[in-house]
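First the structure, in the form of structure tokens, and then the observations on it.
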Amino acid sequence: MVGGGPGGRALALALTRLGCDVVLLEKRNPARGTGPAFRGESLSPDGVRLLAGLGVWERVREAAHRVDRLEIEDAGHRVLGVRFADFPYRYRHPVELAQPTLLAALAEPTGSQPGTCTVLEPATVVGLLVEGPAVTGVRASTPGGTVRISAALTVGADGRFSAVRRLSGLAERARQLPLERDVVWLKLPTPAGWDRRAYRVRIAGGSHGLFLPSTDGTVRVGLNIPKGGLRELRAGGLGLLHTRLAQLAPEAAESAREGVRNWSDTALLDIFTTEVPRWSAPGVVLLGDAAHTLSPVLGQGVNHALADAVELAPLVAEALSRDRRARNRALTTALQLFQRRREPDVRRSRALQLRQERMFTLTSPPATALRRTLYRALDASPALRRRVLAPAYFPGQSPSAPPEAAHSSPSEVTPA
Ligand SMILES: Cc1cc2nc3c(=O)[nH]c(=O)nc-3n(C[C@H](O)[C@H](O)[C@H](O)COP(=O)(O)OP(=O)(O)OC[C@H]3O[C@@H](n4cnc5c(N)ncnc54)[C@H](O)[C@@H]3O)c2cc1C
Numbered sequence: 001m002v003g004g005g006p007g008g009r010a011l012a013l014a015l016t017r018l019g020c021d022v023v024l025l026e027k028r029n030p031a032r033g034t035g036p037a038f039r040g041e042s043l044s045p046d047g048v049r050l051l052a053g054l055g056v057w058e059r060v061r062e063a064a065h066r067v068d069r070l071e072i073e074d075a076g077h078r079v080l081g082v083r084f085a086d087f088p089y090r091y092r093h094p095v096e097l098a099q100p101t102l103l104a105a106l107a108e109p110t111g112s113q114p115g116t117c118t119v120l121e122p123a124t125v126v127g128l129l130v131e132g133p134a135v136t137g138v139r140a141s142t143p144g145g146t147v148r149i150s151a152a153l154t155v156g157a158d159g160r161f162s163a164v165r166r167l168s169g170l171a172e173r174a175r176q177l178p179l180e181r182d183v184v185w186l187k188l189p190t191p192a193g194w195d196r197r198a199y200r201v202r203i204a205g206g207s208h209g210l211f212l213p214s215t216d217g218t219v220r221v222g223l224n225i226p227k228g229g230l231r232e233l234r235a236g237g238l239g240l241l242h243t244r245l246a247q248l249a250p251e252a253a254e255s256a257r258e259g260v261r262n263w264s265d266t267a268l269l270d271i272f273t274t275e276v277p278r279w280s281a282p283g284v285v286l287l288g289d290a291a292h293t294l295s296p297v298l299g300q301g302v303n304h305a306l307a308d309a310v311e312l313a314p315l316v317a318e319a320l321s322r323d324r325r326a327r328n329r330a331l332t333t334a335l336q337l338f339q340r341r342r343e344p345d346v347r348r349s350r351a352l353q354l355r356q357e358r359m360f361t362l363t364s365p366p367a368t369a370l371r372r373t374l375y376r377a378l379d380a381s382p383a384l385r386r387r388v389l390a391p392a393y394f395p396g397q398s399p400s401a402p403p404e405a406a407h408s409s410p411s412e413v414t415p416a
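One point on numbering: in UniProt numbering, the residue at position 410 of the sequence shown is 410, and numbering is uninterrupted.
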């Protein structure tokens, strides 16, 4: 397993439970802290369902922050309000969950694990071992020198800039689609009076920001800027950043000045999606961001990485249980089936995200007026809301299931 993000850790857990032996290589040095503070905190309801299926939800439930509402304001007017409790699914609320908490829970061994998982970190995969047409393992650089690890299957769970994708040749026909904007991530103290159980999207002309309640009591903000626009923003100084934030959320003006005092309080995410036509080749498979990088809209990345792992594990375990002669063919078939089963959901999420991205970038007065009309139509029709949001939030669930017991306290509002 190359990469110890949500996808790699979830697959390692599922495979060891099915009796497979896994070696997981992660390039991050655990001694240098827990990793990026901004990424992968929003988990969609389907992500919660998948964690429950893995038996991991109970471990993180207390640390997760339930979100009750999504609210979109355009040009200062509320145009869409979604109450997640209104959807007829068992897992209906998204949650905020710090990625280190999620990764630690996925890495925790459970009682019934017939397989083993050996973790090497820091270990950076720098090459693949190849025999004929098949990948047979990896070469990795570690503090103790280079190691070679042979494997019946090598999994590229190494994220949006996947080395396994590039080294295996699977990147050759991949299509990277740059979106029209980048996102600056930062955290602010929660503005007075804000409901900490709400996702807020604020739009003003062609500019928008996501304001998400974080588990540490702050608000995680994704502020969109034009593609490559960071240099211009920085040239305007922190004052310009504070002004942009205040234009979108006037109530957050003071929090912006208080919370962002240095550019090191921010992180830039280059937004693109990647479509990889083939997710596997003999002896190697990609999953999560390595197979399909998505944009941050509606917090879909972690969810899809977990869904990949849950789908892939039994297929791989079954193929690896065959005798040596039948195994390679069974594995090739299993990996192809994995892509066929997972790709439609990924496509639907990508299409929804791209439609939403286009809506965000409209600037002309007629186009922004049309955008507001569309959001209001969605606001007025529960059936339409469900049709639009179900592919992103509830793809693996059937309607009319009783709700999961509430896992956290009722709505909190910060004192004004
Ligand atoms: C700023 C930011 C905010 C985001 N917010 C959200 C959100 O709120 N909700 C959401 O669902 N998604 C979010 N995402 C996307 C989400 O983080 C990813 O979609 C998700 O983590 C994908 O999981 P993964 O396991 O496929 O890859 P990753 O989480 O990227 O994990 C890949 C792992 O591989 C390791 N690695 C890379 N190369 C090598 C190598 N050569 N050798 C060994 N190890 C290697 C990396 O260190 C990393 O730990 C965000 C992303 C960013 C950058």
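Where is the CB? At the ideal position from N, CA and C, for every residue including glycine.
Using a threshold of 9 Å, state whether the C-beta atoms of residue i and residue j are closer than that.
{"i": "Ser321", "j": "Gly19", "result": "yes"}
{"i": "Pro315", "j": "Leu337", "result": "The sequence as given places Leu at residue 315; Pro does not occur at that position. Yes. Within cutoff."}
{"i": "Ala123", "j": "Glu62", "result": "no"}
{"i": "Thr118", "j": "Val22", "result": "yes"}
{"i": "Arg257", "j": "Gln113", "result": "no"}
{"i": "Val260", "j": "Leu238", "result": "yes"}
{"i": "Leu331", "j": "Ala140", "result": "no"}
{"i": "Tyr199", "j": "Glu71", "result": "yes"}
{"i": "Trp263", "j": "Arg234", "result": "yes"}
Between the C-alpha atoms of residue i and residue j, what's the straight-line distance to the nearest angstrom?
{"i": "Pro399", "j": "Gly145", "result": "53 Å"}
{"i": "Ala319", "j": "Leu188", "result": "49 Å"}
{"i": "Glu357", "j": "Arg148", "result": "43 Å"}
{"i": "Gly7", "j": "Gly55", "result": "15 Å"}
{"i": "Gly35", "j": "Ala98", "result": "Summary for Gly35: the model assigns pLDDT 48, below 50, so the residue's position carries little reliability, and this model does not support an answer."}
{"i": "Ser162", "j": "Leu24", "result": "15 Å"}
{"i": "Thr110", "j": "Arg49", "result": "19 Å"}
{"i": "Pro52", "j": "Ala317", "result": "The residue you asked about is not Pro; residue 52 is Ala in the sequence shown. Approximately 21 Å between the Cα atoms of the pair."}
{"i": "Leu128", "j": "Pro366", "result": "53 Å"}
{"i": "Thr116", "j": "Leu15", "result": "9 Å"}
{"i": "Pro395", "j": "Glu131", "result": "39 Å"}
{"i": "Asp270", "j": "Lys227", "result": "8 Å"}
To which residues of the same chain is residue i closer than 8 Å at the C-beta, ignoring the five residues directly before and after it?
{"i": "Gln300", "result": "Ser44, Leu294, Ser349, Gln353, Ala392"}
{"i": "Gln247", "result": "Ala204, Ser207"}
{"i": "Asp379", "result": "Val79, Leu80, Gly81, Arg385"}
My guess is that residue i and residue j are in contact by the Cβ rule of under 8 Å, so how many angstroms apart are they, rounded?
{"i": "Gly205", "j": "Thr368", "result": "7 Å"}
{"i": "Thr142", "j": "Leu120", "result": "6 Å"}
{"i": "Asp68", "j": "Arg83", "result": "7 Å"}
{"i": "Arg197", "j": "Arg66", "result": "7 Å"}
{"i": "Thr190", "j": "Gly217", "result": "7 Å"}
Under 6 Å Cβ to Cβ from residue i, same chain only, skipping five residues before and after it: list those, please.
{"i": "Ala64", "result": "Val95, Leu97"}
{"i": "Pro178", "result": "Phe272"}
{"i": "His292", "result": "Val346"}
Can you list, in chain order, the residues of its chain whose CB lies under 7 Å from that of residue i, leaving out five sequence neighbours each side?
{"i": "Leu362", "result": "Gly206, Thr368, Arg371"}
{"i": "Glu311", "result": "Phe338, Arg341, Arg342"}
{"i": "Val302", "result": "Pro6, Gly40, Leu43, Gly47"}
{"i": "Ser150", "result": "Leu129, Thr136, Gly137"}
{"i": "Asp289", "result": "Gly159, Arg160, Gly301, Ala305"}
Cβ contact (3+ pairs, closer than 8 Å) linking the region 273–282 and the region 163–173: The count of Cβ pairs closer than 8 Å, one atom from the region 273–282 and one from the region 163–173, reaches three, so the stretches are in contact.
Segment contact, 8 Å Cβ cut-off, at least three pairs: the region 176–193 with the region 207–222: Judged by Cβ distances under 8 Å, the region 176–193 makes contact with the region 207–222, as three or more pairs qualify.
Inter-stretch contact at 8 Å, needing at least 3 Cβ pairs: the region 75–91 / the region 101–109: Result no; under three Cβ-Cβ pairs closer than 8 Å.
Inter-stretch contact (C-beta, 8 Å, three-pair minimum) for the region 281–289 and the region 155–168: With the cut-off at 8 Å, the region 281–289 and the region 155–168 touch.
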